[in-house]
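Since the structure comes first, as structure tokens, the remarks are kept for the end.
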Amino acid sequence: MASPDDDTPRESCPGRIIDVIGRAFGIGAVGGGAYHFLKGFNSNPTGTRLVGGWQTALMNAPQLGGQCAVWGGLLSAFECSIVYLRQKEDPLNFIAAGAATGGLLRMRQGIVPAARSALFGGVVLAIMKGPEIMLSNDVTRPPREAPIFVEDLSGGAHGEDGDSGDL
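In the working numbering, the protein residues as written are 225 to 391.
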């Protein structure tokens, strides 16, 4: 999420959603491909390990990439919707979008698992965005004013008895 200090503005929401879907698919497919290659490599007998790892990766990597793309697309769509509704762009939108995404993806299992997943998604993203929120609060908080010392503005004039008037 871009901060207000960045020189580059954020991409518009429809374009951002498509971009996130593509990136999430790529990350899921590459990461899933590596994981499933190693899993297939270890589970095949000697002599067929490379072929077995390759086949396992080809079968399973696109599925994991698709799952990541769905998650990323929903997260980005919810975030754009929340930004539109609140008319404010801050880390709380991302946290709420993560909770909504987790809840929606678990809705088929029932309301209790959906609520649990929404809570988990919100907490995980709050942990990720927590330092950003704390730092932005420290940066935006106005600095404390230094105490102002008042000098004797009388110009050194003393009272009639030669006293400066100080106690």
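Where a beta carbon is used, it is the ideal one built from N, C-alpha and C, also for glycine. Keep in mind that this is a model prediction, so the values were computed, not measured.
Query, Result
"Buried versus exposed call for Gly239 [16 or more other C-beta atoms within 10 Å across all chains shown]", "exposed"
"Buried versus exposed call for Ser267 [16 or more other C-beta atoms within 10 Å across all chains shown]", "exposed"
"Nonlocal neighbours in the same chain, by C-beta distance under 7 Å from Phe318, ignoring five residues either side", "Met225, Glu303, Leu349 and Lys353"
"Proximity to Val244 [Cα-Cα], best of Pro269, Gly290 and Val275", "Gly290"
"With 16 other Cβ atoms within 10 Å as the buried cut-off, status of Ile335", "exposed"
"Close-in-space but distant-in-sequence residues of the same chain around Ser236 (CB under 6 Å, 5 per side omitted)", "none"
"Residues near Ala258 in its chain [Cβ-Cβ closer than 8 Å; skip 5 each side]", "Ala281"
"Neighbourhood of Leu298 by C-beta distance below 6 Å, restricted to the same chain and skipping five residues each side", "Thr325"
"Straight-line gap, Phe261 to Ser300 (C-alpha atoms, nearest Å)", "30 Å"
"Where the alpha helix (DSSP H) containing Gly246 begins and where it ends", "Cys237 to Ser267"
"Member of Gly250, Trp295 and Pro315 whose CA lies at the smallest distance from the CA of Ile357", "Pro315"
"Cα-Cα separation between Ala338 and Cys292, rounded to whole angstroms", "18 Å"
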